[in-house]
Structures are given as C-alpha cells and as structure tokens.
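The opening position of the sequence shown corresponds to residue 15 in the numbering used here, with each subsequent residue numbered one higher.
Every residue gets a Cβ at the ideal spot worked out from N, C-alpha and C, and that includes glycine.
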Amino acid sequence: MNAQTLMSELEKLVSEGRNPDTMQIDLQPTAEILKLINSADRDVPLAVEKVIPQIAEAVDRIVEAFQNGGRLIYMGAGTSGRLGVLDASECPPTFSVPEDMVTGVIAGGDHALRHAVEGAEDDPAQGRQALDKRGLTGKDVVVGIAVSGRTPYVIGGLNYAKEIGATTVSLSCNPDSAIGAIADIAIAPVVGPEILTGSTRMKSGTAQKLILNMLSTASMIRMGKIYQNLMVDVNISNQKLMARASRIVMEATGCSADEAETLLERSGHDVKLAIFIALTDMDVAEARAALTKAGGFLRKAINERQPKAARK
C-alpha cells in the first residue's frame with residue numbers, strides 16, 4: 015500500500031481525527047493539561063457500556079471454548095498487542111490456569127513488548143504464521159486487537175483463524191472496520207478522537223484494557239474460579255499472595271488468621287479446598303473429590319453438601 019492510499023484510509027478513521035477540545039493543549043499549564051486528559055477519559059467507560067452485548071457474546075464463546083479444551087488467544091501489534099499479552103500473563107497467577115490457556119501474540123514477537131519492531135504489523139503472513147506456530151485449532155477463540163481495525167498482521171491472523179474454524183473476535187475503536195467484517199463477533203467501542211491526534215495508546219488503549227479485563231475476568235468467573243467475589247483459585251507464589259490467600263480464607267469462612275494458616279497447610283495451599291474443608295468439616299480427600307464432582311465450582315459444591323455454616 016502506497017503512502018497516499020494509507021493516508022486516505024487513516025483520514026476516515028474516528029481514532030485518527032483531531033479533538034477540537036485540545037487544539038490549544040500545548041499552551042496550557044500542567045494542571046489544565048491534566049484536566050483535559052481526565053475529561054476526555056470520562057468518555058471511555060460510556061463507550062464500553064454500549065458494546066456490552068457484544069462483549070457478553072464473546073465471553074460466552076470463550077467459556078464454551080474453555081469447557082471443550084480450547085484456548086483464548088489475543089493478537090495485535092504495538093500497544094494493542096502489548097495489552098493482549100498483559101491480560102494473558104495475569105491469568106495464571108490470578109486464576110491458577112495453565113500458561114497456554116490464555117495467551118497473547120504480538121507482531122514482532124517478545125522483543126516488541128519493549129521495542130518498536132518496524133514493519134512487523136504490515137505483514138498478514140506473519141499473523142497467520144504466529145497462530146499456526148501455536149497449533150491453532152477450531153476449539154480456540156482468537157481475539158484480534160487493533161484500534162484502527164485495519165492492521166494487516168491482525169487481518170492475516172483472523173483470516174487464518176476463520177479457515178481453521180476457530181471463533182474470531184475483533185476489538186477495534188472504529189466502526190465498520192476491516193477486522194470487524196472478518197470476525198464472528200465485532201466489538202467496537204467508539205471513544206472518539208484522542209487528546210493527542212492519533213495517539214491511540216490513550217483513550218483507545220484504555221477502552222481496550224477495560225474490555226480485555228472484562229473478557230478474561232467474566233470468563234473465569236463463569237468457569238468457577240471465583241467464590242462470591244473472592245479469588246479462590248489464586249496461585250500462591252510469594253509472601254504477598256500467601257497473605258492474600260489467608261485473608262481470602264478468613265473472609266469466606268470467618269475463621270482466624272491462625273486457623274486460615276492451618277487450613278491452607280492441610281489443603282496443600284489450595285485456597286478453594288481450604289475454604290471447602292472449613293465450611294463442611296470434610297477430610298481433604300473427600301473434599302477434593304466433591305469439588306471435582308462439582309466441576310470446581312465452590313458454591314455449587316457447598317450447596318450440595320449442606321455445610322455446617324449458613325450458606326453464603
């Protein structure tokens with residue numbers, strides 16, 4: 015694509031427009047600059063709210079994929095790719111899921127997480143190759159992330175995913191985008207022009223982060239990784255998380271700190287199992303079997319066992 019054609023395409027994008035409210039931002043003192051940024055940021059959650067039906071549809075497909083042994087794969091370039099990798103990397107410690115259950119793919123590879131990799135996003139073949147390398151199957155869900163909605167790397171990946179039979183989701187900040195036309199589910203929060211023209215790491219990036227949070231968190235809730243609003247599948251990998259695990263057991267059961275520590279030791283530092291033991295007086299082996307029977311859903315397992323404490 016030549017420069018003139020690309021310029022013509024960009025001119026049509028909402029995310030590339032000029033924000034009339036910030037035309038004089040370079041003349042403002044620090045506090046006024048910050049007020050302008052803050053004011054513009056208020057548009058983001060409102061734009062996200064409008065696309066909740068599409069987000070919900072995507073979550074349902076992701077849950078279905080997980081239940082059938084599939085994966086959630088984010089792919090993007092630049093800021094969009096980094097946000098996908100970030101969200102994916104938070105899932106194993108937060109929800110104790112395998113590292114490849116939610117994964118992020120970025121144009122240019124891991125080097126691109128810290129450095130600009132020139133031209134990586136312009137090659138659709140690289141998008142196809144990245145997914146092929148990860149053994150994409152029809153059980154998986156691929157979320158293509160691109161503010162512009164026209165990134166060739168993402169287009170290539172989504173087209174390949176369609177050929178394989180995987181579920182495809184697009185996340186753009188422009189309506190009627192190229193990736194939206196490809197995807198089974200198109201999510202497009204329109205946040206409007208950026209404070210700095212074309213700096214889509216700002217409002218657009220914030221919208222993407224909010225939606226990625228929703229996709230992964232809601233899917234994990236639906237998979238039984240949460241009890242009430244507690245992260246009962248947290249992976250205890252350091253002292254801070256050990257303290258958090260104890261607090262979770264205390265919150266869920268009303269036990270003391272010493273009792274929580276004892277319960278965690280009995281359960282092999284399995285928070286969900288520790289809570290279940292406390293609420294049912296079952297031994298470890300019996301409790302583990304009951305949780306497995308309930309599909310890992312703690313609330314379901316508790317309700318089936320008529321615990322000693324009132325159901326919560």
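Closer than 6 Å: residue i CB and nearest the ligand ZN heavy atom
i: arginine 280; result: Within the structure as shown, the ligand ZN is missing, as the structure has no ligands at all.
Nearest candidate by alpha-carbon position, reference residue i, set the options
i: glycine 92; options: Ile51, Ala121 and Gln81; result: Ala121
i: isoleucine 235; options: Val73, Leu293 and Thr276; result: Val73
i: lysine 147; options: Ala175, Val111 and Met256; result: Ala175
i: glycine 268; options: Phe290, Ala126, Gln253 and Gly282; result: Phe290
i: glycine 282; options: Asp297, Leu293 and Val119; result: Asp297
i: serine 162; options: Ala139, Glu71, Glu208 and Thr182; result: Glu208
i: asparagine 173; options: Thr306, Gly141 and Leu185; result: Gly141
i: alanine 315; options: Ile240, Leu229, Gln42 and Ala200; result: Ile240
i: isoleucine 69; options: Gly309, Ile199, Asn252 and Leu287; result: Ile199
i: asparagine 82; options: Thr181, Leu229 and Asp295; result: Thr181
i: proline 34; options: Leu210, Arg302, Gln253 and Arg261; result: Leu210
i: glycine 170; options: Ala197, Pro189 and Gln38; result: Ala197
i: leucine 244; options: Gln253, Arg258 and Ser233; result: Arg258
i: arginine 85; options: Asp190, Val157, Leu305 and Glu104; result: Val157
i: lysine 286; options: Leu312, Pro67, Gly179 and Arg32; result: Leu312
i: proline 138; options: Cys105, Ile193 and Glu104; result: Ile193
i: glycine 179; options: Gly149, Asn317, Glu46 and Ser94; result: Gly149
i: glycine 309; options: Phe80, Asp272 and Gly152; result: Phe80
i: methionine 115; options: Gly123, Pro43, Ser270 and Glu104; result: Glu104
i: arginine 75; options: Ala195, Gly206, Pro112 and Met237; result: Met237
i: methionine 256; options: Glu279, Gln242 and Thr294; result: Glu279
i: arginine 32; options: Gly212, Val183 and His125; result: Gly212
Extent of the continuous beta strand (DSSP E) run through residue i
i: isoleucine 120; result: 116–120
i: threonine 181; result: 181–185
i: valine 155; result: 155–159
Delimiting residues of the alpha helix (DSSP H) encompassing residue i
i: isoleucine 291; result: 285–294
i: proline 59; result: 57–64
i: leucine 143; result: It is glutamine, not leucine, that sits at residue 143 in the sequence shown. Per DSSP, glutamine 143 belongs to the alpha helix (DSSP H) from 138–147.
i: leucine 150; result: Looking at the DSSP string, leucine 150 is not in any alpha helix (DSSP H), and its letter there is neither H nor E.
i: aspartate 272; result: 271–280
i: arginine 313; result: 312–319
i: alanine 304; result: 298–307
i: alanine 175; result: 166–178
Contact under 7 Å by Cβ, residue i with residue j
i: leucine 48; j: threonine 36; result: no
i: cysteine 187; j: alanine 134; result: no
i: lysine 217; j: valine 99; result: no
i: aspartate 154; j: isoleucine 87; result: yes
i: threonine 117; j: alanine 102; result: yes
i: proline 107; j: asparagine 249; result: yes
i: alanine 288; j: valine 263; result: yes
i: aspartate 10; j: phenylalanine 109; result: Outside the shown range of the chain, which is 15 to 326, sits residue 10, and nothing can be said about it.
i: serine 251; j: alanine 274; result: no
i: leucine 224; j: isoleucine 201; result: no
i: serine 233; j: valine 77; result: yes
i: glycine 90; j: valine 168; result: yes
i: aspartate 190; j: proline 166; result: no
i: threonine 214; j: serine 29; result: yes
i: alanine 299; j: leucine 277; result: no
i: leucine 127; j: arginine 164; result: no
i: valine 119; j: alanine 160; result: no
Paired residues, beta bridge with residue i - DSSP
i: alanine 200; result: Ser184
Residue i at chain C interface by Cβ criterion, 7 Å
i: proline 43; result: Within the model displayed, chain C is absent; a lone protein chain is all it includes.
If you scan the segment 216–265 from start to end, which runs of the alpha helix (DSSP H) of 4 or more residues do you find wholly inside it?
With a minimum length of 4 residues, the continuous alpha helix (DSSP H) runs that stay inside the segment 216–265 are 217–236.
Ordered list of beta strand (DSSP E) runs contained in the segment 73–128, each at least 3 residues:
Counting whole runs of 3 or more residues, the segment 73–128 contains the beta strand (DSSP E) stretches 86–90 and 116–120.
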